[in-house]
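Participant: Encoded as structure tokens, here's the structure I'll be asking about.
Residue numbers (the working numbering): 23 to 210.
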């Protein structure tokens, strides 16, 4: 029988085991800023099609399989979950704490922007963003970027439409009224 806690074991705790291995020196990133910048771009743009962006970086989880275990034992698209700390250690090495602070600052700015500018339904994009943060903590920057914007961007568009239809202010019909036609429907 193999070791259940092996790095090759697939399961929901991969990122925790891999992060511990990374912290103990199994692999420490080179500390090159470009690796972090590539993953940071994927934090925002991983949803963008590779056909339209041929030089799009690959996610750290996919590259980690090639680096640690080799692609021959796994499928072409197999990747591992590095988690938010493992992602930083993998890309920045000993400087990983700076990456964590950069991402924390980014998340704070995004949350503030969503809360302030989403219009009458401003909570919907913020709630979607916050719910998707679990993907970042579990999977890292590329995993987050591949999922969050499919939920948040349509909600921002809906918020902008709602703002236009209500005259630009926070008063007016609002999202609930737009969806239910509340002003025109008689009460039962």
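Glycine residues also receive a C-beta, built at the ideal position from the N, C-alpha and C atoms.
Kindly list the residues whose CB is nearer than 6 Å to the CB of residue 220, restricted to its own chain and excluding five residues on each side of it in sequence; keep chain order.
Facilitator: Since the displayed the chain opens at 23 and closes at 210, residue 220 lies outside it and no answer follows.
Participant: Can you tell which of 139, 166 and 143 has the C-alpha that lies nearest to the C-alpha of residue 152?
Facilitator: Residue 152 has its Cα closest to that of 166, out of 139, 166 and 143.
Participant: Report the CB separation of residue 120 from residue 133 in whole angstroms; it is logged as a contact under 8 Å.
Facilitator: Between residue 133 and residue 120 the Cβ distance is about 21 Å, and since that is not below 8 Å, they are no contact.
Participant: For residue 170 versus residue 154, is the C-beta distance shorter than 8 Å?
Facilitator: Contact: yes.
Participant: Could you name the residues of the same chain whose beta carbon sits closer than 7 Å to that of residue 174, not counting the 5 residues immediately before and after it, in chain order?
Facilitator: Taken in chain order, the residues that qualify are 147, 150 and 151.
Participant: Can you tell me where the alpha helix (DSSP H) with residue 185 in it begins and where it stops?
Facilitator: 163-187 is the span of the alpha helix (DSSP H), which, as asked, contains residue 185.
Participant: So, helix, strand or coil for residue 77, using DSSP?
Facilitator: DSSP places residue 77 in coil when its eight states are reduced to three.
Participant: Distance, Cα to Cα, residue 75 vs residue 115?
Facilitator: Roughly 28 Å between the two C-alpha positions.
Participant: Would you mind reading off the limits of the alpha helix (DSSP H) that contains residue 211?
Facilitator: Absent from the model: residue 211. The displayed extent of the chain is 23 to 210, so no value can be given.
Participant: Going by CA-CA distance only, name the one from 62, 89 and 80 that's closest to residue 72.
Facilitator: If we check each option's Cα against that of residue 72, 80 comes out closest.
Participant: Taking C-alpha atoms, which residue in 70, 78 and 94 lies nearest to residue 59?
Facilitator: Closest by alpha carbon: 78.
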